[in-house]
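Structure first, then comments.
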Ligand code: GLA
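Residue numbers (this note's numbering): 993 to 1330.
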């Protein structure tokens, strides 16, 4: 009898244990099912700007407990394939800087098909008529204003060096296909003109590609058009790469660093250049890659977990001019000094 009670008791205890184990494993698989994944797709993964956005997005993932799937999307085909990959991996939404803004409608159609939420960063989608797709949440720059600050930084440095405006010319590398690019160079030129640089001292030259070789080619073709009186040069463009190539072109054409003032935009892509003792690349307007990476990822996480949609348009206007004098201190401030 007592043996029987013992065995019943034992069986009940074993059952209790099994039930507890079952509950624990059910809980953990539930937690597994709840792992939130978001995508972060960028057009130029080789550019430090985008690597920095990725790094900050991953930091947000670590802080808030979600996974970031990073995919490089250099063209339309890869972009659409990446959206399928994200869906197959259980992602709920993605942040994207598209390789071509006119892919907007195709990206949205593909995302909708897969039930994914979309937040555009840096480059705003345009529709079939070339109009911005204002219903897709977007985080980008207050581009004209930042361009104005870049132009101002160039003229202030020219003044500080005591340059004569009659011998000063500006070469502006343009990339008008991209709205944020056109607005930046328009803003920059606005400041140059306001400072008194004559309109015929400003040469516009289109970049075929948005990288250093592209801007070097563009500047090279403008330099040959300069009059012999042009001894001092300002080099502008929509980002650091657009100005770095321009400065390289002035070096090959024999301009001394002291006679060239190039100011980029991004900051992240100019670190190696500013570590050089001297060059015609004077400085860069450091943006907020911490906001573009961390905040966009966080907002997407919040959207897919709580339903709170990001603002339709967030214009970032926070910039700091970094030069050889202060870049270490400024980059350290946002955790980018290595
Ligand atoms: C564009 C440029 C990048 C960077 C971002 C900032 O995408 O290609 O280099 O300037 O804008 O928003």
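C-beta: ideal position from N, C-alpha, C; glycine also.
Nearest to residue 1163 by C-alpha distance, out of 1187, 1062 and 1211, is 1211. Look at residue 1309: its beta carbon is at least 7 Å from all of the heavy atoms in the ligand GLA. Between residue 1293 and residue 1272, the gap from beta carbon to beta carbon reaches 8 Å or more. Of 1094, 1135 and 1143, the smallest CA-CA separation from residue 1125 is found for 1094. If you look at residue 1206, you'll find it isn't in any beta strand (DSSP E); it sits in the alpha helix (DSSP H) that goes 1204 to 1215. Of all C-beta pairs linking the region 1130 to 1144 to the region 1173 to 1186, three or more are shorter than 8 Å, placing the two stretches in contact. Rounded to whole angstroms, residue 1241 and residue 1198 show a C-alpha spacing of 14 Å. Residues 1117, 1119, 1120 and 1125 of the same chain have their beta carbon placed closer than 8 Å to that of residue 1097, with the five preceding and five following residues left out of the count.
Residue ranges of uninterrupted alpha helix (DSSP H) with 4 or more members, entirely inside the region 1142 to 1213 and ordered along the chain, are 1171 to 1186. Boundaries of the beta strand (DSSP E) harbouring residue 1276: 1273 to 1278, taken from the DSSP string. Separation of the CB atoms of residue 1049 and residue 1289 is rounded to 4 Å, and the pair is thereby assigned contact status at 8 Å. The region 1218 to 1230 and the region 1155 to 1169 touch, with no fewer than 3 CB-CB distances between them shorter than 8 Å. A distance below 6 Å between beta-carbons, with the five flanking residues on each side excluded, links residue 1314 to the following residues of its chain, in chain order: 1259, 1275, 1276, 1278 and 1322. Every alpha helix (DSSP H) of 4 residues or more that sits fully in the region 1035 to 1109 is shown, in chain order, as 1040 to 1056, 1068 to 1080 and 1096 to 1105. With respect to residue 1099, residue 1091 sits apart: the two C-beta atoms are not nearer than 8 Å. Here the alpha carbons of residue 1037 and residue 1303 stand approximately 26 Å from one another. Contact between residue 1308 and residue 1265 does not hold, since their C-beta atoms are separated by about 23 Å, which reaches or exceeds 8 Å. Just measuring C-alpha positions, the residue of 1261, 1252 and 1180 sitting nearest residue 1203 is 1261. Within a 10 Å sphere around the beta-carbon of residue 1140 sit 16 or more other beta-carbons, which makes this residue buried. Going by beta carbons, residue 1063 and residue 1077 fall inside the 8 Å limit. Between the ligand GLA and the CB of residue 1155, the shortest heavy atom gap is not smaller than 7 Å. When rounded, the separation of the alpha-carbon atoms in residue 1158 and residue 1066 is 42 Å. With respect to residue 1032, residue 1087 sits close: the two C-beta atoms are nearer than 8 Å.
Looking at the DSSP output, residue 1307 shares a beta bridge with 1132. For residue 1231, the three-state secondary structure derived from DSSP is coil. Looking at 1110, 1179, 1251 and 1035, the one whose alpha-carbon comes closest to that of residue 1068 is 1035.
In this structure, residue 1295 lies away from residue 1056, with their beta-carbon atoms at least 8 Å apart. Excluding five sequence positions before and after residue 1042, the CB atoms of its chain that fall closer than 8 Å to its own CB belong to 1034, 1035, 1036 and 1089, given in chain order. Excluding sequence positions up to five before and after residue 1249, its CB lies within less than 6 Å of the CB of 1270, 1271 and 1272, all in the same chain and listed in chain order.
Beyond the five residues adjoining it in sequence on each side, residue 1206 comes within less than 7 Å, by CB distance, of 1199, 1200 and 1237 in the same chain, given in chain order. Under the three-state reduction of DSSP, residue 1239 is assigned to helix. For residue 1319, the three-state secondary structure derived from DSSP is helix. At a cut-off of 7 Å, the beta-carbon of residue 1031 does not count as near the ligand GLA: no heavy atom of the ligand is closer than that. A check of alpha carbon separations from residue 1059 across 1039, 1070 and 1026 identifies 1026 as the nearest.
Judged by the Cβ position, residue 1258 qualifies as a neighbour of the ligand GLA at the 7 Å threshold, a heavy atom of the ligand being closer than this.
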